[in-house]
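**Q**
Residue numbers (the working numbering): 807 to 883.
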């Protein structure tokens, strides 16, 4: 008997840049190799950098500086 498939765990990466950085070279590839996880958000040093990274990596939500973050509700995910 098989168990029901669970929804993937949503993950966000802080510091994911479209141009360079440890997150893009190590964290993102490692996360992509794991079953059961989905990259749902990222942040970068500015809103524009985050937007570029989100576009490059196909991530729905992006944030610039932590001061601009807000706690999402379940309905926004």
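Yeah, the Cβ is synthetic: ideal placement off N, Cα and C, and Gly gets one too.
(1) Once the 5 residues before and after residue 852 are set aside, which same chain residues still bring their CB inside 8 Å of it?
(2) Pick from 816, 842 and 822: whose alpha carbon is nearest that of residue 863?
(3) Please name the residue, chosen from 814, 811, 818 and 813, that lies closest to residue 846 on a Cα-to-Cα basis.
(4) In its own chain, which residues sit with a C-beta less than 8 Å from the C-beta of residue 842, not counting the 5 before and 5 after it?
(5) By DSSP, does residue 853 sit in helix, in strand, or in coil?
(6) Quick one: Cα of residue 831 to Cα of residue 856, how far?
(7) Here's the rule: buried if 16 or more other CB atoms are within 10 angstroms of the residue's CB, otherwise exposed. What is residue 836?
**A** Let me spell this out:
(1) Here residue 852 refers to the residue found at position 46 when the chain shown is read from its first residue. So the list reads 870 and 871, once near-sequence residues are dropped.
(2) Along the chain shown, one-based indexing puts residue 863 at 57. Among 816, 842 and 822, the Cα nearest to that of residue 863 is on 822.
(3) By 1-based counting over the chain shown, the position of residue 846 is 40. Checking every option, the nearest Cα to that of residue 846 belongs to 818.
(4) For the purposes of this step, residue 842 is taken as the residue at position 36 of the chain shown. In chain order, 812, 814 and 815 place their CB closer than 8 Å to the CB of residue 842, counting only its own chain and leaving out the 5 sequence neighbours on each side.
(5) For the purposes of this step, residue 853 is taken as the residue at position 47 of the chain shown. Note: residue 853 maps to helix in three-state DSSP.
(6) For this step, residue 831 is matched to residue 25 along the chain shown. For this step, residue 856 is matched to residue 50 along the chain shown. So the two alpha carbons sit approximately 16 Å from each other.
(7) Counting from 1 along the chain shown, the entry for residue 836 is found at position 30. That one is exposed.
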